[in-house]
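*Asks:* For the sequence shown, the UniProt record's numbering begins at 233 and goes up steadily by one. My questions all concern the structure below.
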Amino acid sequence: PRPILLTRHGESMFNLNGRIGGDPELSATGDIYATKLASFVHKRLKSQHSASIWTSTLRRTILTATHITGFPKVQWRALDEIDAGICDGMTYEEIKETMPDEYQSRKLDKLRYRYPRGESYLDVIQRLEPVIVELERQRSPVVVVAHQAILRSLYAYFTDKPLDEIPHIEMPLHTIIEIQMGVPGVQEKRYKLL
Ligand code: G3H
Numbered sequence: 233p234r235p236i237l238l239t240r241h242g243e244s245m246f247n248l249n250g251r252i253g254g255d256p257e258l259s260a261t262g263d264i265y266a267t268k269l270a271s272f273v274h275k276r277l278k279s280q281h282s283a284s285i286w287t288s289t290l291r292r293t294i295l296t297a298t299h300i301t302g303f304p305k306v307q308w309r310a311l312d313e314i315d316a317g318i319c320d321g322m323t324y325e326e327i328k329e330t331m332p333d334e335y336q337s338r339k340l341d342k343l344r345y346r347y348p349r350g351e352s353y354l355d356v357i358q359r360l361e362p363v364i365v366e367l368e369r370q371r372s373p374v375v376v377v378a379h380q381a382i383l384r385s386l387y388a389y390f391t392d393k394p395l396d397e398i399p400h401i402e403m404p405l406h407t408i409i410e411i412q413m414g415v416p417g418v419q420e421k422r423y424k425l426l
């Protein structure tokens, strides 16, 4: 058995203001999570000869992993958050007011809805394929620091959730989901650090 640890980035300045996308830094709370995550990972993976830390290319995940030392870090573009296209940087309230049709279409079919000049959940699930292949192929533990839509998709893959549920899976901040690979069935543990 080999653990895979999944976590969202610490709270970002955009999370604080209810904005989606962008490339914000962490809030003060997000910084605290980064520190706590590092001690957790160091303790949890203490006995491991090797492990790797995967982030997206966005600052909020790189900053969240910044205090983790002793293991190689890999940045994956495929782990970047769903591209909200023309809605990037907006709040859901702003989208609802200025683009009510877009807002409504997404609400009706969040899995298939594609943001204009951006992505749908189905697009995200497709681009995660190489990440999943590599996660399966690894022989040592992996810590994945990524984003809400990304982690919903990865989590659904490892726990066999139906496609239509993916966009609605609860994926809280400041919580680590540990999944055991190489054991029958799904074994998960959750650690809420903040
Ligand atoms: O910034 C994007 C959000 O993390 C994705 O959440 O798919 O529920 O809008 P959503």
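C-beta: ideal position from N, C-alpha, C; glycine also.
Expressed to the nearest angstrom, what Euclidean distance is found between the alpha-carbon atoms of I408 and R234?
*Replies:* 15 angstroms
*Asks:* Starting from L367, trace the alpha helix (DSSP H) in both directions and tell me its first and last residue.
*Replies:* 361-369
*Asks:* Need the endpoints of the alpha helix (DSSP H) that M413 sits in, please.
*Replies:* It is not in any alpha helix (DSSP H) - M413 instead sits in the beta strand (DSSP E) that spans 407-413.
*Asks:* Does the segment 348-358 come close enough to the segment 304-324 to have 3 or more Cβ pairs within less than 8 angstroms?
*Replies:* Taking 8 angstroms as the limit for Cβ pairs, the verdict is that the segment 304-324 does touch the segment 348-358.
*Asks:* Does the beta carbon of E329 fall short of 7 angstroms from some heavy atom of the ligand G3H?
*Replies:* no
*Asks:* Measure the alpha-carbon distance for E410 versus V374 and round it to whole angstroms.
*Replies:* Taking the straight line from one Cα to the other gives about 10 angstroms.
*Asks:* Please classify E420: does DSSP put it in a helix, a strand, or coil?
*Replies:* strand
*Asks:* Is the Cβ-Cβ distance between R240 and A378 less than 8 angstroms?
*Replies:* yes
*Asks:* Skipping 5 residues on each side, what residues in its chain have a beta carbon closer than 6 angstroms to that of T261?
*Replies:* Result list for T261: E243, in chain order.
*Asks:* If we ignore side chains and look at the alpha-carbon of each, how far apart do R384 and P404 end up?
*Replies:* 10 angstroms
*Asks:* Within its chain, find whatever has a CB closer than 6 angstroms to the CB of V356; leave out the 5 residues flanking it on each side and keep chain order.
*Replies:* I314, A381, S385
*Asks:* Any heavy atom of the ligand G3H inside 7 angstroms of the beta-carbon of A378?
*Replies:* Flag unset: Cβ of A378 not near the ligand G3H.
*Asks:* Applying the criterion that 16 or more other CB atoms from any shown protein chain within 10 Å of the CB defines a buried residue, is G253 buried or exposed?
*Replies:* buried
*Asks:* How should L269 be labelled, buried or exposed, when 16 other C-beta atoms within 10 angstroms of its C-beta is the threshold for buried?
*Replies:* buried
*Asks:* With a cut-off of 8 angstroms, do at least 3 Cβ pairs link the segment 333-344 to the segment 270-283?
*Replies:* No, because fewer than three Cβ pairs between the segment 333-344 and the segment 270-283 fall closer than 8 angstroms, the two stretches do not touch.
*Asks:* Below 8 angstroms between beta carbons: does that hold for T289 and A297?
*Replies:* no
*Asks:* Could you tell me which of D263, N247, Q370 sits nearest to T323, measuring between CA atoms?
*Replies:* Closest option to T323, Cα to Cα, is N247.
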